[in-house]
Amino acid sequence: MHRVTLIPGDGIGPEVSAAACRILNATGVKLDWEEVEAEPVTDRRGDRLLHAGWLDSIRRTRVALKGPMATPVAEGHRSLNVALRQALELYANLRPVRNLPGLKTRFDGVDVVIVRENTEDLYAGLEHTVVPGVVEGLKIVTERASTRIARFAFQYARANHRRTVCAIHKANIMKLSDGLFLNCVRRVAGEFPEINYQELIVDNACMQLVMKPEQFDLLLLQNLYGDIVSDLCAGLVGGLGVVPAANLGSEHAVFEAVHGTAPDIAGKNVANPTALALSGAMLLDHLGEAAAAQAVRQAIHALYREGRHLTSDVGGSASTTEFTDAVVAAVEAAASRRQVGA
Ligand code: ATP
């Protein structure tokens, strides 16, 4: 039995996390979901805070499946998604971006892994008004965090047969901050002679990605560039509805999709749960349940290959429930075939 914290989140979060849980449960792996309280906790000013209970739960279970949490734009509280990553030192954001079989997009052969630093950069949340009309936002880059994420990227590449790590930066302009990041990555690259190492300036990387994405293998980025390039890469393979992710630290792991709360489609039973279900497959791998993880991927891939029961963001007309029912049926059928064969 594996205990797993479940944070349903806001917007489409509750719909896609309920779907992902059903799909993971269908594998037959015994998962004991510890669902956290959803009611927002606020401070005296009414700003929303991270639930202490969420952190306690993840510290206990060490692993969570999480829906997105809403962040007000240009006002209000800090992102709770970012606060959670920082509080648990989930320093590595891992986002595999691949074409799904049968899902037609403008590009074939996209198979790129994004490794994004998750704890610092402009996401440190340090902004202040110097004088009215002048605001300063601080970009924090440390040798410790840059070296740590670089080592994660190269170790991941070595363990997962990735041949080339490409560091993305803007060190021609931010010579000190991005320069420090790059110098740390270069030092770590020297420890992995069997892995090719390249560097690209972020604007050029974006152009290359939308012209020849198949040339990329593993991208290593700081926090902000990683966020932007992730959405760009999601667009190459069918959109935010299909790209999974993991936030990994040395103690804990939180699996969540790349997408946000998508308020435009929340509560309509049309959101695509593929991204969170595939994040759930990464969670199963993390728990050592590789066969179950593979069963989830195969069931989803089969539906995409056949083009049946797909949601509207990927060209179908199925509801969230219809898609989920079809994946659950395929996963259950595979699980009973495994039992018969055993
Ligand atoms: P954030 O800034 O919170 O990370 P975002 O920029 O990633 O959010 P989203 O809220 O995820 O933006 O969504 C952008 C658009 O993508 C939505 O308006 C929605 O139409 C689409 N989208 C996102 N996730 C899904 C999904 N799971 N299924 C279908 N469409 C989605």
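Number 391 in this note's numbering belongs to position 296 of the sequence shown; there are no gaps in the numbering. All C-beta atoms in this analysis are idealised placements derived from N, C-alpha and C, irrespective of residue type, glycine included. Just so we're clear, the structure is a prediction, and the values are computed from it rather than from any experiment.
Asked	Found
Figure out for me which residue from Leu145, Lys161, Ser325, Phe418 has the closest Cα to the Cα of Glu129.	Lys161
Does the structure place the segment 360 to 374 close enough to the segment 112 to 119 that three or more beta carbon pairs sit under 8 Å?	yes
Buried or exposed, going by whether 16 or more other CB atoms sit within 10 Å of the CB of Glu134?	exposed
Exposed or buried, which one is Ile395 when buried takes at least 16 other CB atoms within 10 Å?	buried
In the DSSP assignment, find the unbroken beta strand (DSSP E) run with Arg293 in it and report its ends.	Arg is not the amino acid found at residue 293; the sequence shown has Gln there. Its beta strand (DSSP E) spans residues 291 to 296.
So which of Tyr399, Gln434, Gly232, His347 has the shortest CA-CA distance to Thr419?	Tyr399
Which residues in the same chain have their Cβ closer than 6 Å to the Cβ of Tyr218, if we skip the five residues on either side of it in sequence?	Val177, Asn318
So if DSSP puts Phe350 in a beta bridge, which residue, or which two residues, is it bridged to?	Leu160, Ala341
Which residues bound the beta strand (DSSP E) around Asp273?	That residue, Asp273, is in no beta strand (DSSP E); its alpha helix (DSSP H) goes 272 to 284.
Just confirm the distance between the C-beta atoms of Gln181 and Thr214, as a whole number of angstroms; I'd bet it's less than 8 Å.	5 Å
Between which two residues does the alpha helix (DSSP H) holding Asp206 run?	No alpha helix (DSSP H) holds Asp206; the beta strand (DSSP E) holding it covers 206 to 212.
Runs of 3 residues minimum, wholly inside the segment 216 to 258: which ones carry the beta strand (DSSP E) assignment?	222 to 226, 229 to 232
Residue range of the alpha helix (DSSP H) that Ile395 falls in?	385 to 401
Taking only three categories from DSSP, how would you classify Pro288?	coil
What beta strand (DSSP E) runs, 3 residues minimum, are completely inside the segment 130 to 198?	158 to 161, 187 to 193
Among the residues of its own chain, which have a CB less than 6 Å from the CB of Ala390, if the five just before and after it don't count?	Thr122, Val426, Ala429
Is Val111 a contact residue of the ligand ATP, with contact defined as CB to any heavy atom under 7 Å?	yes
Have a look at Val297 and Arg432 and give me their C-alpha separation to the nearest angstrom.	47 Å
Let me check understanding here. Comparing Cα to Cα, which of Arg157, Val158, Val131 lies closest to Leu145?	Val131
Indicate the three-state DSSP secondary structure (helix, strand or coil) for Leu382 in the structure shown.	coil
With H, G and I counted as helix, E and B as strand and the rest as coil, what does DSSP make of Ala366?	coil
In terms of residue numbering, what span does the beta strand (DSSP E) encompassing Leu327 cover?	Element bounds for Leu327: not the beta strand (DSSP E) but the alpha helix (DSSP H), 318 to 331.
Terminal residues of the continuous alpha helix (DSSP H) containing Ile102?	Run containing Ile102: none in the alpha helix (DSSP H); it sits in the beta strand (DSSP E), 97 to 102.
From Asn267 to Leu277, what does the alpha carbon distance come to, in whole angstroms?	11 Å
Regarding Leu335 and the ligand ATP, is the C-beta to nearest heavy atom distance less than 7 Å?	yes
Excluding sequence positions up to five away, which residues of its chain have a Cβ less than 7 Å from the Cβ of His264?	Asp273, Phe276, Leu277, Glu294, Ile296, Val297
Taking Leu183 as the reference, give the member of Ala159, Thr166, Cys328 with the closest Cα.	Ala159
One question on the structure: do Lys234 and Asp216 come within less than 8 Å of each other, judged by their Cβ atoms?	yes
Assuming the contact rule is C-beta atoms closer than 8 Å, Ala376 and Ala388 should be a hit. Round their C-beta distance to whole Å, please.	4 Å
By the three-class DSSP mapping on this structure, what secondary structure does Thr415 have?	helix
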